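Note sheet for the following structure.
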Amino acid sequence: MADLNVNEIVSELTEKASGGDAGRASLTLYGGHDKSLRQTLIVLLEGHELAEHASPGEATLLVFNGRVRLSTQAESYEGAPGDLIPIPPSPHSLLALSDAAVLLTVAK
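Under the working numbering, the very last position in the sequence shown is 360; numbers go up by exactly one each time.
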């Protein structure tokens, strides 16, 4: 298994996100949909959002840089660098309050 430099990957994903209309880019760093653990690095540019979607199961969001808001119908959580946000089991969305990089960890 090769070591990964997350800071370098964030830079690459930020460049990729800046070049597209979606304002986001992602890369699975570990595992996959067929594994019991998946870790995906997601870059969202300020003002861009992952629209409301179903919960992936037991999951957390670690904010590497920037600020994000994770929202459900009932409540919202704001995250800044270093914050670990448990993802609720209900449908939710993720909004970048500033350019942000987060690590989504999903266990099944």
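All C-beta atoms in this analysis are idealised placements derived from N, C-alpha and C, irrespective of residue type, glycine included.
These numbers were taken from a predicted model, which means no experiment stands behind them.
Which of helix, strand or coil DSSP assigns to residue i
i, result
"residue 357", "strand"
"residue 254", "coil"
"residue 298", "coil"
"residue 269", "helix"
"residue 342", "coil"
"residue 263", "helix"
"residue 278", "strand"
"residue 284", "coil"
Distance between beta carbons of residue j and residue i, contact taken as under 8 Å
i, j, result
"residue 314", "residue 258", "Residue 314 to residue 258, Cβ: 10 Å. No contact."
"residue 342", "residue 325", "7 Å"
"residue 295", "residue 311", "Between residue 311 and residue 295 the Cβ distance is about 18 Å, and since that is not below 8 Å, they are no contact."
Nearest to residue i (by Cα), restricted to the options the options
i, options, result
"residue 347", "326, 357, 318", "318"
"residue 270", "281, 287, 324, 297", "297"
"residue 290", "300, 299, 279", "279"
"residue 273", "299, 256, 334, 287", "299"
"residue 332", "338, 352, 345", "352"
"residue 335", "322, 254, 344", "322"
Cβ-Cβ distance between residue i and residue j below 9 Å
i, j, result
"residue 320", "residue 330", "yes"
"residue 340", "residue 288", "no"
"residue 302", "residue 293", "no"
"residue 316", "residue 262", "yes"
"residue 360", "residue 309", "yes"
Exercise. Please specify which runs of the beta strand (DSSP E), each continuous and at least 3 residues long, are wholly inside the segment 302-338, giving them in chain order.
Key: 310-317, 320-323, 328-331, 336-338
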